[in-house]
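*Asks:* Read in order, the letters of the sequence shown correspond to residues 1 to 188 in UniProt numbering. I have a structure I would like to understand better, so I am pasting it below and will then ask my questions one at a time.
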Amino acid sequence: MKALPVHSGSGDARIGARLRNLRRRNHMTVEQLAAAAELSKGFVSRVERDLTSPSVDALVRLCRALRVEVGEVFAAEAAVDVVRLAEAPEVDLGGHGIRELLVTPSVNKALQIIRATVEPGGHSEDEPYSMDCRHEALHVISGQFVLSTPDQRLELQGGDTVSFPGSEPHGWENPGSQPATVLWIMAT
């Protein structure tokens, strides 16, 4: 099983926006959250705007009222991340005649997208492999591409998408005379 190219990073300690998003997801007003957590409306408002940091006790109360674990507040990913193709890090998950770029933030553990260019005749290693993720999808942007599983050989072309469990052993190849560009999408 191949591991995803995940890197740990330093998290942002500002949690106000995360708490606000959790409150909104629960369809609660500031007043309702403050009452449920037995805190003042002004205090909750200041916490949500990152003007003050809650004590451990206040954070636990807020999380209980929001029905989330405290760790979920700190584990939340930033709402918007941009990875420019020209700046995407190169990764190597194996195979021949392939160049792979990680086009999602490397700290994102829940979703990773790899943009690969596979030269004509490029192929995976001899033995089928699986990925350490729950779901995997392959989208062919251009060219010809073959995905092989123990049960089938799928001949794909530009515009085709296939999805399967990450634990499904598979292999791949570019049988065409032109490079193929594909996106590998992996989600936990």
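Note that CB positions come from ideal geometry on N, CA and C, so glycine has one too.
(1) Going by Cα to Cα distance, which pick from A86, F164, A180, R84 is closest to D151?
(2) Would L19 and E38 be called neighbours here (beta carbons separated by less than 9 Å)?
(3) Within the segment 88-137, note down every full alpha helix (DSSP H) run reaching 4 residues or more, in order along the chain.
(4) Within 8 Å, do at least three Cβ pairs link the segment 123-137 to the segment 165-175?
(5) What is the C-beta distance between V83 and I114, in whole angstroms, given that I count them as a contact (C-beta under 8 Å)?
(6) So, for L147: in the same chain, excluding its five sequence neighbours on each side, which residues have a beta-carbon less than 7 Å away from its beta-carbon?
(7) Taking Cβ positions, are G94 and E119 nearer each other than 9 Å?
(8) In terms of alpha-carbon separation, which member of D132, S40, D160, G71 lies closest to T181?
(9) So, for G143: in the same chain, excluding its five sequence neighbours on each side, which residues have a beta-carbon less than 7 Å away from its beta-carbon?
(10) Ignore the nearest five residues each way along the sequence and tell me which others in V44's own chain have a CB closer than 6 Å to its CB.
(11) What's the C-alpha gap between V73 and L183?
(12) Quick one, are the C-beta atoms of L22 and V68 less than 9 Å apart?
(13) Leaving out the 5 sequence neighbours to the left and right, which residues in its chain are closer than 7 Å to A187 when beta-carbon positions are compared?
(14) Quick check on A65: buried or exposed, where buried means 16 or more other Cβ atoms within 10 Å of its Cβ?
(15) Just mark A75 as buried or exposed, buried being the case when its beta carbon has 16 or more other beta carbons within 10 Å.
(16) Can you tell me where the beta strand (DSSP E) holding R153 begins and where it ends?
(17) By the DSSP assignment, the beta strand (DSSP E) with V146 in it spans what residues?
(18) Which same chain residues end up closer than 8 Å to D50 when comparing Cβ atoms and leaving out the 5 residues on each side of it in sequence?
(19) In chain order, what residues of the same chain have a beta carbon less than 8 Å from the beta carbon of V70, not counting five sequence neighbours either side?
(20) What does the Cβ neighbour count give for G122, buried or exposed, with the cut at 16 atoms within 10 Å?
*Replies:* Well, looking at it:
(1) The option with the nearest alpha carbon to D151 is F164.
(2) At least 9 Å separates the beta-carbon of L19 from that of E38.
(3) If we require 4 residues or more, the segment 88-137 turns out to have no alpha helix (DSSP H) run fully inside it.
(4) The segment 165-175 is in contact with the segment 123-137.
(5) That pair is no contact at about 11 Å.
(6) Shown here for L147: same chain residues with a beta carbon closer than 7 Å to its own, the five before and five after excluded, namely L138, L154, L156, V162, H170, W172 in chain order.
(7) Between G94 and E119, the gap from beta carbon to beta carbon reaches 9 Å or more.
(8) Closest option to T181, Cα to Cα, is D160.
(9) Excluding sequence neighbours, G143 sits near G158, N174, G176, Q178, P179, A180, T181.
(10) The residues V30, L33, A34, in chain order, have a CB closer than 6 Å to that of V44 in the same chain once the five nearest residues on each side in sequence are set aside.
(11) Taking the straight line from one Cα to the other gives about 30 Å.
(12) A contact, by the Cβ cut-off of 9 Å.
(13) Answer for A187: A110, L111, C133, R134, H135, listed in chain order.
(14) Around the C-beta of A65, 16 or more other C-beta atoms lie within 10 Å, and the residue is accordingly described as buried.
(15) Only exposed fits A75, as fewer than 16 other CB atoms lie within 10 angstroms of its CB.
(16) If you look at R153, you'll find it in the beta strand (DSSP E) that goes 153-157.
(17) Where V146 is concerned, the enclosing beta strand (DSSP E) stretches over 144-148.
(18) Counting only Cβ-Cβ distances below 8 Å, and skipping sequence neighbours, we find R14, I15, G16, A17.
(19) Same-chain partners within the cutoff: L59, V60, C63.
(20) Its Cβ being crowded by 16 or more others within 10 Å, G122 is buried.
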